[in-house]
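Numbering (numbering that gives the first Met the number 0), first residue to last: 0 to 556.
Note that beta-carbon positions come from the ideal geometry of N, C-alpha and C, so glycine has one too.
One structure is given below, encoded as structure tokens.
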Amino acid sequence: MKVYPILVDGEEVDTGQYTIYPDMEKVIEDPGLAISLQMRGASVFNRFVFSRLPSLIPKGSPEMRYLRDYRKHHGVPKHTKDELDEVAYAKVSLARESDINRALDAGVRDHKALFNPFKEPEMGLTLEERTEAVYKAGLALKGRYKDVAEISVKEGMPIETLKWTWELFEPKAYRQSVDLWGELLDVIETPGGDGGKNYRFREPYGVACLFTPYNSPLALGIWSFTSSILAGNSTILKPPNKVPLSSILLGRIYMETLLEMGLPPATVQLLTGSGKQLMHRFMTDSRVGALVWYGDSDRGLELWADSMKQRVQMAPELAGSDACLVWGQDVDLQFAAKMITHARYLGSGQACMAVKRLLVQDTLHDELVRLIIEETEKLHVGLPSDPKVSLPPLGLTALYLLIDQLEDAVAKGAKIQVGGYRCNYLDEPDPAGLFYKPTVLTDVTVDMRVMQEEVFAPALPVVSVSSVDEAIRIANGSRYGLRSPIFTDNAKTRRQWAREIEAAGIIVGQDPLYYDPPMPHLGGYKDSGIIGGKYFTEMLTRMKYVHVGPDVEFTQT
């Protein structure tokens with residue numbers, strides 16, 4: 000079994016303390032393998048309850064609900080020791096307190112060597128040098144597609160989804176991205192009113208700790224890594240506990256490339272362990288200057304408030320419930336249906352900026368729903384190595400939240416037009432399945448949970464509207480405001496939507512998941528982020544200004 004070490008001060012560290020990760024391709028094929036592995040490490044009492052007294056299994060958490068469902072519908076899984084040993088794919092080293100302290104000390108030691116705004120000789124890396132470094136690290140990652148694909152499949156990501164992620168970081172676009180993000184940091188010189196000079200620039204916080212999410216560990220890991228290093232921070236990555244392997248590979252490739260280029264060893268480090276404990280550890284340690292965190296809004300806003308009390312900068316990336324409007328006399332419904340289906344169901348709907356509420360002109364409603372259902376029938380569950388598969392399993396929290404949300408919607412009168420049930424990797428109905436069939440709901444009202452909460456799963460509530468003003472009221476009735484796309488043939492309606500919608504991003508007539516290098520790194524209004532669109536390079540730096548009086552020497556000639 001392969002060991003995945005942590006990365007501390009330029010070294011791979013095998014701590015001797017591990018968490019075991021299964022081969023998710025095998026688990027998807029036979030979910031009982033994961034339960035057998037879990038039971039192997041459980042207490043005698045817990046094993047007895049699961050096998051003999053399943054009614055005593057608690058109902059409070061998604062994990063326990065899943066155990067109850069599996070036990071009820073599939074019984075007690077039986078596997079040999081050899082079968083369980085074979086499914087155990089990797090051991091991930093767990094960071095110890097000594098590793099955490101060593102990483103933070105190294106970050107403090109090295110961060111000044113990563114920042115040199117006035118290009119002083121021997122005074123650290125200039126912005127141009129950091130830009131070149133992250134670009135070459137990105138190229139090194141792109142050259143390891145085979146390794147990344149193998150690990151991503153073992154984590155349960157379909158090859159088809161990985162390809163979409165990979166295309167986001169096509170070399171030319173990645174180069175454009177790092178150049179544009181770097182321009183936000185550069186020194187700006189202006190004349191002073193007294194005949195002197197003014198300078199302003201962005202200064203890094205020092206040590207930045209990045210917590211990346213399970214739903215997109217590679218794409219958001221690259222974004223976060225690139226932004227933090229470009230900003231001039233010593234960067235510590237905390238990978239998601241559910242799928243840490245691809246992030247560890249990402250960190251290793253960046254570390255090796257940057258070390259070869261002569262960058263300080265603490266430029267890139269990686270620590271594993273409990274996310275909750277490490278967040279508290281970093282937030283209360285004076286050596287940490289900034290944090291990046293992805294997750295649900297309730298927890299994120301709490302962390303953001305706590306970070307302010309601790310005088311730690313935080314860049315939160317929070318939940319969304321994006322409303323999409325389809326309106327007009329001659330709008331291309333076929334194109335809209337294709338784009339909406341992609342943006343709702345990619346990754347089984349586990350994306351913060353997915354389309355999560357669809358508002359449709361009443362005269363277009365039935366035809367658009369029919370076309371979306373046609374598009375959903377082209378989506379496939381299955382093993383992640385199968386190139387036809389586009390839908391991964393759901394995280395258990397997202398799965399059981401969806402089950403509860405749909406139960407609420409149906410009880411209040413919603414109609415399920417397609418989907419609405421769990422299935423296994425063979426696309427067979429399975430009340431304990433890890434997948435959920437792409438679902439379309441009609442006769443939806445705004446009081447339903449699917450309209451009030453984030454639906455982080457493959458279900459699309461559709462609401463018929465009779466005016467654009469009504470659509471805007473419904474769209475803005477959410478606590479969230481991340482992105483909001485529109486498909487219409489009316490230019491005035493496009494401008495009204497862009498002006499009046501309470502969201503940080505508006506996508507007009509294009510894939511709602513579209514990304515261009517000049518575009519901000521998400522960000523939102525209200526509970527999706529308060530401050531609107533943001534660039535992580537700016538969020539991980541602070542502005543400094545310098546005034547130099549007339550006839551005072553300051554910069555090198």
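- prompt: Hey, which unbroken runs of the beta strand (DSSP E) at 3 residues or more fall wholly within the segment 367-441?
  reply: Within the segment 367-441, the complete beta strand (DSSP E) runs of at least 3 residues are 414-417, 438-441.
Secondary structure of G346, DSSP reduced to three states: As a working note, residue 346 is residue 347 in the sequence shown. Helix, per DSSP.
- prompt: What did DSSP end up calling N197 once you bin it into helix, strand or coil?
  reply: Numbered from 1 along the sequence shown, position 198 holds the residue referred to as residue 197. It is a strand residue.
message: Can you confirm whether A87, when its beta carbon is compared against all beta carbons of chain E, has any partner nearer than 8 Å?
response: Included in the structure is just one protein chain, with no chain E present.
message: According to DSSP, simplified to helix, strand and coil, what is R286?
response: Position 287 of the sequence shown, counted from the start, is the residue given in the question as residue 286. Reduced to three states, the DSSP call for R286 is coil.
task: Count the other C-beta atoms from every protein chain shown that fall within 10 angstroms of the C-beta of R369, then say buried if there are 16 or more, exposed otherwise.
output: The residue given as residue 369 occupies position 370 in the sequence shown. Per the 10 Å Cβ criterion, exposed.
Euclidean distance between Cα positions of G231 and A335: Working through the sequence shown from its first residue, we reach residue 231 at position 232. Working through the sequence shown from its first residue, we reach residue 335 at position 336. Distance between the alpha carbons of G231 and A335: 41 Å.
message: Tell me which residue opens and which closes the beta strand (DSSP E) that F72 is part of.
response: Within the sequence shown, the letter at position 73 stands for residue 72. In the sequence as displayed, the identity of residue 72 is His instead of Phe. Per DSSP, H72 belongs to no beta strand (DSSP E); it is in the alpha helix (DSSP H), 61-73.
field: For T540, three-class secondary structure by DSSP
entry: As a working note, residue 540 is residue 541 in the sequence shown. Strand at T540.
task: Measure the C-alpha to C-alpha separation of L262 and Y88 and round it to an integer number of angstroms.
output: Mapped onto the sequence shown, residue 262 falls at position 263. Mapped onto the sequence shown, residue 88 falls at position 89. Here the alpha carbons of Y88 and L262 stand approximately 33 Å from one another.
- request: Would you list the residues sitting across from Y20 in a DSSP beta bridge?
  value: In the sequence shown, the residue the question calls residue 20 occupies position 21. Looking at the DSSP assignment, Y20 forms a beta bridge with A89.
field: Inter-residue spacing [alpha-carbon to alpha-carbon] between P430 and I247
entry: Residue 430 sits at position 431 when you count from the first residue of the sequence shown. Residue 247 sits at position 248 when you count from the first residue of the sequence shown. For P430 and I247, the distance between alpha carbons rounds to 34 Å.
Separation of W326 from L363, as counted between CA atoms: In the sequence shown, residue 363 corresponds to position 364, counting from 1. In the sequence shown, residue 326 corresponds to position 327, counting from 1. For L363 and W326, the distance between alpha carbons rounds to 8 Å.
- prompt: According to the neighbour-count rule (16 or more other Cβ atoms, all chains shown, within 10 Å of its Cβ), is F117 buried or exposed?
  reply: What you label residue 117 is simply residue 118 of the sequence shown in a count that begins at 1. Exposed, because fewer than 16 other Cβ atoms sit within 10 Å of the Cβ of F117.
message: If you measure between the beta carbons of S151 and S245, is that distance less than 8 Å?
response: To locate residue 151, count along the sequence shown from 1; it is residue 152. To locate residue 245, count along the sequence shown from 1; it is residue 246. Yes, the pair counts as a contact, with Cβ atoms nearer than the cut-off.
message: Pull the bridge partners of D321 from the DSSP assignment, please.
response: The residue labelled residue 321 in the question sits at position 322 within the sequence shown. Answer is V354.
task: For the segment 432-447 and the segment 401-418, state whether three or more C-beta atom pairs, one from each stretch, are separated by less than 8 Å.
output: At 8 Å Cβ cutoff, the stretches touch.
query: How about V464 and V311: do their beta carbons lie closer than 8 Å?
result: Taking the first residue of the sequence shown as position 1, residue 464 is located at position 465. Taking the first residue of the sequence shown as position 1, residue 311 is located at position 312. No. Outside cutoff.
field: K1 versus T160, K153, F47, D81, residue with shortest Cα-Cα distance
entry: Locating residue 1 in the sequence shown gives position 2, counting from the first residue. Nearest option by C-alpha distance: K153.
message: Going by C-alpha to C-alpha distance, which of A33, F455, V86 sits closest to V75?
response: Working through the sequence shown from its first residue, we reach residue 75 at position 76. Comparing Cα-Cα distances from V75 to each of A33, F455, V86, the minimum goes to A33.
field: Limits of the beta strand (DSSP E) - the one that G523 falls within
entry: Here the question's residue 523 lines up with position 524 in the sequence shown. From DSSP, the beta strand (DSSP E) with G523 extends over 522-525.
message: Below 8 Å on the Cβ atoms is my contact criterion, and I expect P516 with S176 to pass it. Report the Cβ-Cβ distance as a whole number of Å.
response: Your numbering for residue 516 matches position 517 in the sequence shown. Your numbering for residue 176 matches position 177 in the sequence shown. P516 to S176, Cβ: 4 Å. Contact.
task: Please classify F403: is it buried, with 16 or more other beta-carbons within 10 angstroms of its beta-carbon, or exposed?
output: In the sequence shown, the residue the question calls residue 403 occupies position 404. First, the amino acid is wrong: residue 403 is Asp here, not Phe. Flag for D403 reads exposed.
- request: Check whether the segment 159-168 touches the segment 264-277, counting contact only when three or more Cβ pairs, one atom from each stretch, lie closer than 8 Å.
  value: No, because fewer than three Cβ pairs between the segment 159-168 and the segment 264-277 fall closer than 8 Å, the two stretches do not touch.
- prompt: Is the Cβ-Cβ distance between G532 and A503 less than 8 Å?
  reply: In the sequence shown, the residue the question calls residue 532 occupies position 533. In the sequence shown, the residue the question calls residue 503 occupies position 504. Yes. Within cutoff.
query: Where V91 and R251 are concerned, what is the direct C-alpha to C-alpha distance, given to the nearest angstrom?
result: Indexing the sequence shown from 1 puts residue 91 at position 92. Indexing the sequence shown from 1 puts residue 251 at position 252. Between the alpha carbons of V91 and R251 lies a distance of about 14 Å.
message: Taking the beta carbon of M573 as the centre, do at least 16 other beta carbons fall within 10 Å, making it buried, or is it exposed?
response: Shown here, the chain extends from 0 to 556; a query on residue 573 therefore has no answer.
Of the residues M63, D446, F224, E131, the one placed nearest E259, counting alpha carbons only: The count along the sequence shown starts at 1 and reaches residue 259 at position 260. Out of M63, D446, F224, E131, the CA that lies nearest to the CA of E259 is found in E131.
message: Assuming P216 is part of the alpha helix (DSSP H), what are its boundary residues?
response: Residue mapping note: residue 216 aligns to position 217 of the sequence shown, counting from 1. Where P216 is concerned, the enclosing alpha helix (DSSP H) stretches over 216-230.
- request: Could you please give me the residues that DSSP links to G40 through a beta bridge?
  value: One-based indexing of the sequence shown puts residue 40 at position 41. G40 has no beta-bridge partner at all, per DSSP.
message: Using the Cβ count rule (16 or more neighbours within 10 Å means buried), how would you classify E593?
response: In the structure as shown, the chain begins at 0 and stops at 556. Residue 593 is therefore absent and cannot be evaluated.
- prompt: In terms of DSSP beta bridges, what is H546 paired with?
  reply: As a working mapping, residue 546 is identified with position 547 in the sequence shown. Note: H546 sits in a beta bridge opposite N197.
message: Does M450 come out as helix, strand or coil in the three-state DSSP assignment?
response: Taking the sequence shown and counting its residues from 1, the one referred to as residue 450 is at position 451. In this structure, DSSP gives M450 a helical state, which the three-state scheme calls helix.
Same chain, Cβ closer than 8 Å to Y514, neighbours up to 5 away in sequence not counted: Counting from one through the sequence shown, the residue named residue 514 turns up at place 515. Result list for Y514: L167, in chain order.
message: Bridge partners for W326 per DSSP, in chain order?
response: Mapped onto the sequence shown, residue 326 falls at position 327. Its beta-bridge partners are T487.
- request: May I ask which residues mark the beginning and end of the alpha helix (DSSP H) holding P170?
  value: Looking up residue 170 in the sequence shown gives position 171. Start and end: 170-182.
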